[in-house]
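*Asks:*
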Amino acid sequence: MPRQVDHEERRRRIAEAVCALADSSGLEGVTLRDVATRAGVSMGAVQRCFRTKQEMLVFALDHIGERVTERVSERARPRTDTTADPDPASATLARVLGEVALVDEAHRAEARVWLAFVAQAAVTPELAAALRNRYTALHPLLVRLLGEGRADSPDTDGDVDAGPDHEPHEAARTLLALADGLTTHVLIGHLTPQAALALLHTQIGALTRTSPPAALPANGTGGPPPANDEEESAK
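Right, here's the structure in full:
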């Protein structure tokens, strides 16, 4: 009797192989042969799962995107511990955006893979469309959490009127763009993860008129804070 093949499992293995290759050397030189070798399958098996290389790359991008989405959903889920006060929506929003930014050390490999796909998407319309779909799917959650954060804020009574950037949909786009950009800044060492999270908290505070946590470092490089004007003039 011929052995049953789990095609979805094989597709996932191939996607993991693509991501591993992207992590080690980027996507530019990835070939079907490389992927087949890494996945432990034949080239024919890869071609039976995916008609084209672009189809394979889009599936791999969706594969890693689903992992991020699962963590975002977990972060956005209300706590079930009824003995504790519920987290303010702004704190939930910060956790969600922290997942999107991939600044945690445990997600550094995912950050490298994600940026490899972003770079490839600049010249691959299919990947660009997949990325746009991912960002679009996040938008309603960010808008909802922003609205809840403003309702929670003692400064606003749920009403923020501080220019067009504070319109909920524009504010959500601002936060998503910031989180996405922080992936690069942390990965290349321009910002520490702590500094990136501090920037997120600051921007969330500005868009909801809540005070950002003071405990997070304000220095963007993780080093000593810059000298102030009086110190500079004394030199």
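So in the UniProt record's numbering, spot 177 of the sequence shown is number 177, and the numbers just go up one at a time. We treat Cβ as the ideally placed atom computed from N, Cα and C, and that holds for glycine. Just so you know, these numbers come straight off a predicted model, no measurement behind them.
Here's the rule I'm using: 16 or more other beta-carbon atoms within 10 Å means buried, otherwise exposed. How should H107 be labelled?
*Replies:* Buried, by the Cβ-count rule.
*Asks:* Skipping 5 residues on each side, what residues in its chain have a beta carbon closer than 8 Å to that of P115?
*Replies:* Position check: residue 115 holds Leu in this sequence, whereas Pro was assumed. Taken in chain order, the residues that qualify are T183, T184 and L187.
*Asks:* A129: which of I204, L61 and V100 sits nearest, CA to CA?
*Replies:* Here the closest residue by C-alpha is L61.
*Asks:* Counting pairs of beta carbons, one from the region 94-103 and one from the region 174-182, are three or more of them closer than 8 Å?
*Replies:* Yes, the region 94-103 touches the region 174-182.
*Asks:* Within 8 Å, do at least three Cβ pairs link the region 136-143 to the region 200-209?
*Replies:* The answer is no - the region 136-143 does not touch the region 200-209, with fewer than three Cβ pairs under 8 Å.
*Asks:* Apart from the five residues just before and just after V18, which ones in its own chain have a Cβ nearer than 7 Å to its Cβ?
*Replies:* Contacts found: V30, V35, M56, L57 and A60.
*Asks:* Could you say which of D87, N133, T192 and V113 lies nearest to S25 if we only look at CA atoms?
*Replies:* Nearest of D87, N133, T192 and V113 to S25, Cα basis: V113.
*Asks:* Output yes or no for whether 8 Å exceeds the beta carbon distance between Q47 and L32.
*Replies:* Cβ distance < 8 Å, so Q47 and L32 count as in contact.
*Asks:* Quick check on H190: does DSSP put it in helix, strand or coil?
*Replies:* Three-state result, H190: coil.
*Asks:* What are the boundary residues of the alpha helix (DSSP H) that includes L102?
*Replies:* Looking at the DSSP string, L102 is not in any alpha helix (DSSP H), and its letter there is neither H nor E.
*Asks:* Candidates H63, R132 and A45: which alpha carbon is nearest D6's?
*Replies:* Selected option, being the one with the closest Cα: A45.
*Asks:* Under the rule that 16 or more other beta-carbon atoms within 10 Å means buried, what is T124, buried or exposed?
*Replies:* The residue in question, T124, is buried, as its Cβ has 16 or more Cβ neighbours within 10 Å.
*Asks:* Short check: CB of S90 to CB of T208, under 8 Å?
*Replies:* Yes, the pair counts as a contact, with Cβ atoms nearer than the cut-off.
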